[in-house]
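If you read the sequence shown in UniProt numbering, its first letter stands for residue 1, the second for the next number, and so on.
All C-beta atoms in this analysis are idealised placements derived from N, C-alpha and C, irrespective of residue type, glycine included.
The structure displayed is predicted, hence computed values, not measured ones.
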Amino acid sequence: MATNIQLYIGPYLVLLCVALMLFGVTCFQVYSYWVKYTRDHPRIRLFVLLLWLLECLHTIMCVHMLYDSFIDEFGDLAAIERIIWSAGAMIFIEACISSLSRGFSVVYIWQLSNGNPLLTAPPAILLICSLGFTLAAASLLYARTTWADLHTHRGTYVRRPPLSSLALPR
C-alpha cells in the first residue's frame, strides 16, 4: 500500500515530467517561429516572446515545488502537506498565459468580423469568466494552509466551471 508521501509526491512527479516535456516542445515551437517568421510585426514577435517568458516562469515555479518537496522537505509528511507559495504563483502565471493567448484570439475575431460585437462578445465574456474563476481558485491556495484542508473545504468555494474552459482553444 502506498504511503501518504507517495500519494502526494508520485502524481506530482509524473505531472512535472510531462510538463517539462511539453515545455521543451514549446521552446522548439518558439525558436522555429522566431527563425522562420522574421517579417512578422514586432508586436506579434514580442507577444510570442512574452508568452514564452511567462511559460519559463511557470516552469520555474513547477521545479521550485518539486525542489521543495524532494529536497527541502524530504521525508517530512507534515511539511509536504502544506501549500507553498509557488503553487499559487504557478496558477496565477498560467491564468495570465491562458488569458493572453485567448485574448489574442478574441482580438483576431474582432478584426476578422470587422468589429462585430455579436461574434466577439461570447468568447470575450467566456474569457473573462474563465479568468475570474481561475484567479479565485488560485487565491484559495493562499487562504488554505494544507492540501488536505483545501480538499476538505472544496464545497465552500467556487470552482472553475467546465463551460468557461470553452472560451477559446489554446
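> Is V106 closer than 8 angstroms to L127 when the C-beta atoms are compared?
Replying inline: Against a cut-off of 8 angstroms, the Cβ pair of V106 and L127 comes out as a contact.
> Would you call the CB atoms of C62 and A19 closer than 8 angstroms?
Replying inline: Yes, the pair counts as a contact, with Cβ atoms nearer than the cut-off.
> What is the rounded straight-line gap between the Cα of Y108 and the Cα of S101?
Replying inline: Cα to Cα, the separation comes out at about 11 angstroms.
>> Within 10 Å of its beta-carbon, does M90 have 16 or more other beta-carbons around it, so buried, or fewer, so exposed?
In response: M90 comes out buried.
>> Count Cβ pairs between the region 76-87 and the region 24-36 that sit closer than 8 angstroms; are there 3 or more?
In response: With the cut-off at 8 angstroms, the region 76-87 and the region 24-36 do not touch.
>> I'd like to check one pair, A95 with A138: are the Cβ atoms closer than 8 angstroms?
In response: A138 is a Cβ neighbour of A95, given a cutoff of 8 angstroms.
>> Whole angstroms are fine: how far does the CA of Q111 sit from the CA of F133?
In response: Each residue's Cα considered, the two are about 27 angstroms apart.
> The alpha helix (DSSP H) with T152 in it runs from where to where?
Replying inline: Here the alpha helix (DSSP H) through T152 covers W147 to T152.
>> Please confirm whether T152 has its beta-carbon closer than 8 angstroms to some beta-carbon of chain D.
In response: Given the protein chain composition of this structure (a single chain), no chain D is represented.
> For the putative contact between H58 and I93, defined by C-beta atoms under 8 angstroms, what is the C-beta separation to the nearest angstrom?
Replying inline: Contact flag correct, Cβ pair sits at about 5 angstroms.
> Taking Cβ to Cβ, would you say S69 is nearer than 8 angstroms to I80?
Replying inline: Cβ atoms of S69 and I80: closer than 8 angstroms.
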